[in-house]
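Residue numbers (the numbering used here): 5 to 269.
For every residue, glycine included, the Cβ atom is placed at its ideal position computed from N, Cα and C.
Working notes, beginning with the structure itself.
Below you can see the structure in the form of structure tokens.
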């Protein structure tokens, strides 16, 4: 049985293109997510970042790995349908939580989210991965943009630091340069989204977002989940998130005491 929020065609699209829209995934949990984001912004965690240079207008805040200390996030992870939907999309028997991520662009923030793949920043790889990106505000121009099929590219895209725009790792030779999907005519998927809708995308999908030049906030909650074949991998430097002291070895499944199983088929 496929979850009622999905159709078999949605699963087929996700497997083929690496990205699909799931309407209403968090629609019943918007108050909890809003409260959680406000708590996160009042009391940022150690990885919080302000992603604007001096003189740039607006505010672009992001932070991650806060679900253990922000009760509203924990409630949404445990009680929303997100884990079961993830299992259906990935074709997985079980789902592990990797991490949460909050991204807020205040009105008048012109800076775009740079084109990037998440996978090169992470210490996990597999064919069964999914990120959910969900706005708490109606979005049009500031919605997520994903390049369909980019999860099947033979080389990963160079990870960069969003503020300095420098390479994330010292060795760049293993990566392809960051492309310009608009200039290169790539198949970009983007949607007008209502609060609680979610874009589901593979960790390897190239994605970004325009700035927020509207008069409204653009708050987004992301959740990163992995399935049966996800394994720890070594990267050529400190990953993001770093999870210091994890003690995992290459080829191991993610340790369940740090990355809990939140769904069993």
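If you ignore the 5 residues before and after residue 70, its C-beta comes within less than 7 Å of the C-beta of 44, 49, 77, 104, all in its own chain and listed in chain order. Within the DSSP bridge table, the entry for residue 205 names 23, 135 as partners. DSSP places residue 46 inside the alpha helix (DSSP H), whose first and last residues are 34-46. Runs of beta strand (DSSP E) with 3 or more residues, each lying fully within the region 99-177, are found at 117-120, 133-139, 148-151, listed in chain order. Burial check for residue 163: the Cβ neighbour count within 10 Å reaches 16 or more, so the residue is buried. Relative to residue 62, the option among 253, 197, 217 whose CA is nearest is 217.
By the criterion of a C-beta distance shorter than 7 Å, residue 171 is surrounded in its chain by 162, 164, once the five residues flanking it on both sides are discounted. Of the other Cβ atoms in all chains shown, fewer than 16 fall within 10 Å of the Cβ of residue 168; this residue is therefore exposed. Between residue 114 and residue 215, the C-beta gap is smaller than 8 Å, which places the two residues in contact. Taking residue 257 as reference, the option from 35, 130, 68, 36 with the minimal CA-CA separation is 130. When Cβ pairs closer than 8 Å are counted between the two stretches, the region 200-216 is seen to touch the region 146-159, the count reaching three or more. The C-beta distance from residue 134 to residue 90 rounds to 5 Å, short enough to fall under 8 Å. Residue state for residue 93 is assigned as helix, using DSSP reduced to three classes. Residue 117 places its beta carbon 8 Å or farther from that of residue 197.
Each of 21, 27, 19, 145 was checked against the Cα of residue 10, and the nearest Cα belongs to 27. Among the bridge pairs identified by DSSP, residue 230 is matched with 100, 133.
Inclusion of residue 101 and residue 245 in the CB contact set at 8 Å is not warranted, their separation being larger than that value.
When 94, 54, 33, 107 are compared, the shortest CA-CA separation from residue 80 is found for 33. In its chain, beyond the 5 residues on either side, 111 have a beta carbon closer than 7 Å to the beta carbon of residue 219.
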